[in-house]
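> Dropping a structure here in C-alpha cells format, bear with me for questions.
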C-alpha cells in the first residue's frame with residue numbers, strides 16, 4: 027500500500043509542472059505578441075499625427091495659391107486672430123479618423139479594437155509663419171516654386187548688360203578721390219593767388235583778381251618784384267601774359283635811377299663844400315686884414331692931433347677897410363647862395379632817399395607776406411603729397427579696367443595735379459622761391475638799416491660818410507634777385523565777360539520737380555497702399571528707405587568759381603551695381619536672387635511705358651508694383667518719382683563717363699571753365715569748374731535719356747558720344763526734353779524694365795520679401811473681398827501628442843501578478859511638419 031501511494035504522488039507532480047510550464051510559455055508568447063502590438067501601435071500613432079498635420083496644412087489658403095503660387099495655412103480660419111485651438115482640434119479630428127477607421131460610418135458590425143489607441147492630449151508646441159526669420163521662409167517658398175520654372179534671360183542680363191556698369195563705378199570711385207585731391211590743392215592755388223599780389227603786385231582777394239574802375243587790373247603799390255634793375259620786359263619780369271605785363275610795366279622801379287640822382291647830388295655837395303671852404307678861408311683872410319687895418323686906423327686916429335700928415339693914411343685905411351667889407355659881403359653873399367644850393371642838394375638827396383626808403387620798406391612788407399604764404403603752401407603740399415601719390419597709384423591699378431579714353435583723360439588731369447608736388451622738375455619750385463625771398467628780405471633789411479645810418483650822417487653834414495654808406499647800400503641792393511620768382515599767368519583771363527548762368531537755369535528748371543520734366547503728372551497713378559489693414563512690412567518694423575539723392579540740393583551747393591564743387595556727394599550716391607559685388611555673395615544666394623527676380627517679373631506690374639502694348643491686368647492696389655518693391659512708399663506717385671530720380675542719377679554718371687571718353691567735349695568744358703573763372707587766377711578752380719560743367723551736361727542728357735526710357739526706348743548703357751551741347755543747356759525745358767527724347771534712334775541697350783531689374787537685384791532681400799507680402803495681402807483682399815492677413819499664415823508647426831495604448835494580451839490577472847505590471851502604456855509623440 028505504501029508503495030502504491032508513493033507512485034501516485036510522483037505521477038501528480040508532472041501535471042503541476044506541465045501546467046506551470048504551459049503558463050510560462052503562454053506568458054512569453056503573449057508578452058511577445060503584446061510587445062509587437064505596442065510597437066505597431068506606436069508606429070500607427072506617429073503616422074496618424076504626421077498624416078493629421080499634413081491634412082491640416084493641405085487646407086492652405088486657396089487665393090494665395092491661385093494668385094501667387096505660394097502655400098500658407100490661414101490659421102485664423104476667417105477670424106480676426108490666429109487660433110491654436112482650432113489647429114489642434116483639426117489635428118485631433120484627423121488623427122481620430124486614422125485611429126478609428128469606422129468613425130462616422132454606420133455599421134452593425136463592431137470592429138475589433140486590435141490596438142486600443144486613444145488620444146490623451148494634444149498641444150501645439152510652436153508654429154512658423156511666413157513672416158518669420160526676416161522673410162527667409164517666404165523667400166524659400168518662392169525659390170522652391172521657381173526652381174521648376176525657366177529663368178529666362180536674367181542670368182544673361184547680369185553677365186552681359188549689367189557688366190558694363192562696372193567701369194562707371196570704378197570711375198566714380200576714382201573721380202571722387204580726384205575731387206578730394208583738387209579741393210586740397212585748391213589751398214595751394216589760393217596761396218599762389220596771394221603770391222600774385224605780394225610778388226607781382228596784381229591785386230587779388232579771395233574772389234580772385236581785383237579790377238580797377240576802368241576794368242583793368244588793379245596793381246599794388248609795393249610788391250617783391252617792384253625792384254627791377256633790368257629794363258622791364260616779359261622775359262626779365264617773368265610774366266607770361268601780355269595783358270598782365272602791360273598792366274604792370276609802368277609800376278616797376280629801378281633803384282639805380284635814385285642812386286644816380288643821389289650820387290650826382292653828393293657830387294654837387296662835394297663841390298659846394300669845397301667852394302664854401304675856399305670862401306670861408308677867403309672870408310677869414312679878409313676879416314683878418316680888416317681887423318688889422320681897423321686896429322691901425324684906431325692908432326692913427328689917436329695920433330692925428332699931433333700930426334697933420336696922417337690924414338691921408340687914415341683915409342687910405344678907411345677906404346681899404348671899406349673895400350675889405352665889400353669883399354666880405356660879396357663872399358658872404360656867395361656863401362649864402364652856396365648854402366642854399368647845399369640845402370637844395372640835401373633836400374633832393376633826402377627826398378630821393380625817402381623814396382628809396384619807402385620802396386624798400388614797402389617791398390619788405392610784401393616779401394615778408396610772400397614768405398609766409400610760401401610757408402603755408404609748403405605745409406599744404408606736404409598734406410597733398412600722399413593724396414596725389416595715392417590717386418596716382420589707384421589710377422595705375424585701374425588702368426587695365428578702364429577704357430583707353432577715360433584713362434588718358436584722368437591721366438591728363440593727374441599731370442596737372444602732379445605739378446603741385448615737390449622736387450618733380452615741373453610746375454612751381456616753391457622751396458627755391460622761398461630761399462630767394464628770404465635772401466631778398468635780408469638784403470632789404472640791411473639796406474633799410476644803412477639808409478637810416480646814412481640819413482644821420484647827412485643830417486650831421488658828414489656828406490662823405492653819408493655818400494659812402496649810400497654807395498655801399500647800392501652795392502648791397504644790387505644783389506636783390508627777381509629771377510626764379512615766376513608765376514604762371516598763361517591760363518589767367520584778365521577780363522570778366524557776362525557768362526550764361528548754367529546753374530541758375532537748372533535751378534529754375536527743377537522748380538516744379540525733377541520728375542515733371544520727364545513724365546506727365548496728370549497721367550500718373552494716384553493709387554495708395556494700406557486700405558486693408560496693417561501691412562506685413564509695418565508689422566515687421568521694416569526700416570524706411572533712405573532719401574534719394576537730391577539734384578536740387580546739389581545745385582544749391584554748386585557755384586561756378588566756388589572752392590568746393592560738392593560733386594563728391596554725387597559720386598558717393600551711386601550704388602554698387604557691378605558684377606564684382608554680385609559675386610561676393612555665395613552661389614546659393616546668387617541663384618536665389620535670380621529666381622526671386624524672375625518671380626517678381628512674372629507676378630508684379632510696373633509703370634507702363636508709352637510705346638508698350640497694353641496688356642490685360644488683374645485689379646491691383648498699386649499700378650507701379652515693382653517700383654513699390656524698390657522704395658516701399660505707400661503712394662504710386664512717390665515710388666515712380668523715386669525710381670525716376672534713381673534712373674536720372676545713374677544716367678548722369680554714365681553720361682559723365684561718356685563725356686570723359688570724348689576729348690573734344692571735355693576740352694570744350696575746360697575752355698568754357700577758363701572763360702568763366704580764369705579771371706580768378708586759380709588753375710585748379712578751372713579744373714573744378716570743368717567738372718561742374720561736365721556734370722551739368724551729363725545731367726541734362728540724363729533727363730533726356732530718362733524721358734526716352736519712359737517712352738519705351740532702349741538707351742545704350744555707355745554712349746559713344748553725348749549729343750547734347752553746352753549751349754543747349756540754356757534751352758532745356760519739358761518740351762525740349764521730350765522733343766530730344768523722341769528723336770532718339772532705336773538702339774540696343776537698357777530699357778526701363780532693365781533698370782528696374784538691376785535695382786531689384788541689389789535691393790535688400792528682407793525689404794523685397796516684406797514688400798511683396800504687402801502687395802500680395804492687399805491685392806488678395808481687393809480681388810476676393812476677404813480679410814486675409816499674411817501675418818496669420820503658417821508655414822509649419824510642431825506638435826506633441828500623448829497616446830494611451832490599452833493592453834490586450836497581457837491583461838490576464840495571473841500575468842499582471844507574475845510580471846507585476848498592468849501594461850497600460852502612455853506614449854508621447856512629437857512631430858513637426860511644413861510645406
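Numbering (my numbering), first residue to last: 27 to 861. Idealized CB from N, CA, C, for every residue including glycine. It should be emphasised that the depicted structure is a prediction, and the values quoted were computed from it without experimental measurement.
1) Which term fits residue 510, buried or exposed, when burial requires 16 or more other beta carbons within 10 angstroms of its beta carbon?
2) So the candidates are 246, 222 and 292; which of them puts its Cα closest to the Cα of residue 264?
3) With 16 as the cutoff for other CB atoms within 10 Å, does residue 69 come out buried or exposed?
4) So, are the CB atoms of residue 869 and residue 500 less than 8 Å apart?
5) So, at 6 Å on beta carbons, what are the nonlocal neighbours of residue 609 in its own chain, with the 5 sequence-adjacent residues on each side left out?
6) Is residue 143 closer than 8 Å to residue 67 when the C-beta atoms are compared?
7) Once you ignore the five residues that flank residue 774 on each side, which residues in its own chain have a CB closer than 7 Å to its CB?
8) Taking only the alpha-carbon atoms, compute the straight-line gap between residue 583 and residue 599 and give it to the nearest angstrom.
9) Going along the chain, which residues of its own chain have a beta-carbon closer than 6 Å to the beta-carbon of residue 323, five neighbours each way excluded?
10) Check residue 609 in the structure and name its three-state DSSP category.
11) Pull up the CB-CB distance for residue 260 and residue 271, whole angstroms please, since I reckon it's below 8 Å.
12) Curious, which full-length beta strand (DSSP E) runs of at least 3 residues does the stretch 632 to 689 contain?
13) Decide yes or no for the touch test of the stretch 618 to 638 against the stretch 159 to 172: beta carbon pairs closer than 8 Å, at least 3 of them.
14) Are the C-beta of residue 829 and some C-beta of chain D separated by less than 8 Å?
15) Within 10 Å of its beta-carbon, does residue 215 have 16 or more other beta-carbons around it, so buried, or fewer, so exposed?
16) Taking just the CA atoms, how far does residue 503 sit from residue 362?
17) Which residues does DSSP list as the beta-bridge partners of residue 828?
18) Taking Cβ positions, are residue 54 and residue 855 nearer each other than 8 Å?
19) Taking the beta carbon of residue 43 as the centre, do at least 16 other beta carbons fall within 10 Å, making it buried, or is it exposed?
20) Among the residues of its own chain, which have a CB less than 6 Å from the CB of residue 531, if the five just before and after it don't count?
21) For residue 558, does the three-state DSSP call read helix, strand or coil?
22) I need the DSSP call for residue 259, collapsed to helix, strand or coil.
23) With a threshold of 8 Å on Cβ separation, who are the neighbours of residue 279 within its own chain once the five nearest residues in sequence on each side are excluded?
24) Would residue 726 be called buried (16 or more neighbouring beta carbons within 10 Å of its own) or exposed?
25) Roughly how many angstroms separate the alpha carbons of residue 366 and residue 479, rounded to a whole number?
26) By Cβ distance below 6 Å, which residues in the same chain neighbour residue 149 in space, the five residues on each side in sequence not counted?
27) Tell me which same chain residues have a C-beta within less than 8 Å of the C-beta of residue 290, skipping the five on either side of it?
28) What residues are listed by DSSP as bridge partners for residue 859?
29) Taking 8 Å as the threshold, find out whether the stretch 766 to 773 comes into contact with the stretch 730 to 750 through three or more Cβ pairs.
30) By how many angstroms is the C-alpha of residue 292 removed from the C-alpha of residue 492?
31) Report the three-state DSSP secondary structure of residue 624 (helix, strand or coil).
32) Which residue comes first and which comes last in the alpha helix (DSSP H) that contains residue 747?
33) Classify residue 392 as buried or exposed, calling it buried when 16 or more other Cβ atoms lie within 10 Å of its own Cβ.
34) Within 8 Å, do at least three Cβ pairs link the stretch 795 to 809 to the stretch 110 to 130?
35) Where does residue 815 sit, in a helix, a strand or coil, going by DSSP?
36) Specify whether the stretch 656 to 667 and the stretch 553 to 564 touch according to this definition: at least 3 beta carbon pairs, one from each stretch, less than 8 Å apart.
According to the structure data:
1) Exposed: under 16 other Cβ atoms inside 10 Å.
2) Ranked by Cα distance from residue 264, the options 246, 222 and 292 are led by 222.
3) exposed
4) Outside the shown range of the chain (27 to 861) lies residue 869, about which nothing can therefore be said.
5) At residue 609 the pLDDT is 49, less than 50, meaning the model places this residue with poor confidence and gives no usable figure here.
6) The answer is yes: Cβ separation under 8 Å.
7) 740
8) 16 Å
9) 343
10) With a pLDDT of 49 at residue 609, under the threshold of 50, the modelled position of this residue cannot be trusted, and the question is left open.
11) 5 Å
12) none
13) yes
14) In summary, chain D is missing from the structure at hand, where a single protein chain is found.
15) Residue environment for residue 215: buried (at least 16 other C-beta atoms within 10 angstroms of its C-beta).
16) 36 Å
17) 147 and 854
18) No, these two residues do not count as a Cβ contact at 8 Å.
19) exposed
20) 756
21) Shown here, residue 558 sits in coil according to DSSP, grouped into three states, outside any helix or strand.
22) Reduced to three states, the DSSP call for residue 259 is coil.
23) Within the same chain, and ignoring the five residues on either side of residue 279 in sequence, the residues whose Cβ sits closer than 8 Å to its Cβ are 252, 253, 254 and 385.
24) buried
25) 24 Å
26) 826
27) none
28) Looking at the DSSP assignment, residue 859 forms a beta bridge with 823.
29) yes
30) 9 Å
31) helix
32) Unbroken run through residue 747: none, as it is neither H nor E.
33) buried
34) no
35) coil
36) yes
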